[in-house]
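Quick notes on the structure that follows.
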Ligand SMILES: [Zn+2]
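Residue numbers (the numbering used here): 6 to 111.
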C-alpha cells in the first residue's frame with residue numbers, strides 16, 4: 006500500500022531510509038520519474054513509497070510524522086557537508102540528498 010509520496014526525490018529517499026532503519030518492509034515506486042537534472046518532472050509521476058504489508062501502516066505513519074515534525078523543528082539547523090561525496094546538505098536533512106549517506110554526528 007502507498008504510504009508516502011513527494012515530488013522531491015531526496016525526501017522520498019530520506020523517508021525510505023528511516024523506514025529501513027525501523028525494520029519496516031517498503032520499496033520505492035516511480036524511482037526514476039524525476040528524470041535527469043535540468044528536465045522538468047511531470048507532476049503526476051512522483052516517486053512513491055509503498056509498504057509491503059498494511060500491518061506496518063501505523064508504525065510507518067508514526068515514523069513519517071516524527072520525521073516531518075523533526076524536519077520542521079530543525080529548519081534553522083546548520084547546513085552540513087557529506088563525508089562521503091562532499092556535497093552540501095541543508096540542516097534539516099538527515100541523509101545526504103546526493104548519495105543517501107547518513108548525516109555525520111557532530
Ligand atoms: Zn553524499
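C-beta atoms are modelled at their ideal positions from N, C-alpha and C, and glycine is treated no differently.
Comparing the CB of residue i with every heavy atom of ligand 1, is any distance shorter than 8 angstroms?
i, result
"residue 92", "yes"
"residue 19", "no"
"residue 22", "no"
"residue 35", "no"
"residue 76", "no"
"residue 57", "no"
"residue 62", "no"
"residue 31", "no"
Roughly how many angstroms separate the alpha carbons of residue i and residue j, rounded to a whole number?
i, j, result
"residue 71", "residue 57", "21 angstroms"
"residue 4", "residue 32", "Any property of residue 4 remains undetermined from this structure, which presents the chain solely from 6 to 111."
"residue 87", "residue 73", "21 angstroms"
"residue 14", "residue 54", "11 angstroms"
"residue 25", "residue 64", "12 angstroms"
"residue 93", "residue 108", "11 angstroms"
"residue 28", "residue 89", "24 angstroms"
"residue 69", "residue 91", "27 angstroms"
Closer than 7 angstroms by C-beta to residue i: which residues in its own chain qualify, once you throw out the five before and the five after it? Chain order, please.
i, result
"residue 51", "10, 11, 12, 35 and 38"
"residue 76", "97"
"residue 22", "100 and 105"
"residue 95", "84"
Take residue i and list the residues in its own chain whose beta-carbon comes closer than 8 angstroms to its own, dropping the five residues that flank it on each side.
i, result
"residue 62", "6, 8 and 56"
"residue 30", "56, 57, 58 and 61"
(request) Specify whether the stretch 12-23 and the stretch 98-106 touch according to this definition: at least 3 beta carbon pairs, one from each stretch, less than 8 angstroms apart. (result) Between the stretch 12-23 and the stretch 98-106 there are three or more inter-stretch CB-CB distances shorter than 8 angstroms, so the stretches are counted as touching.
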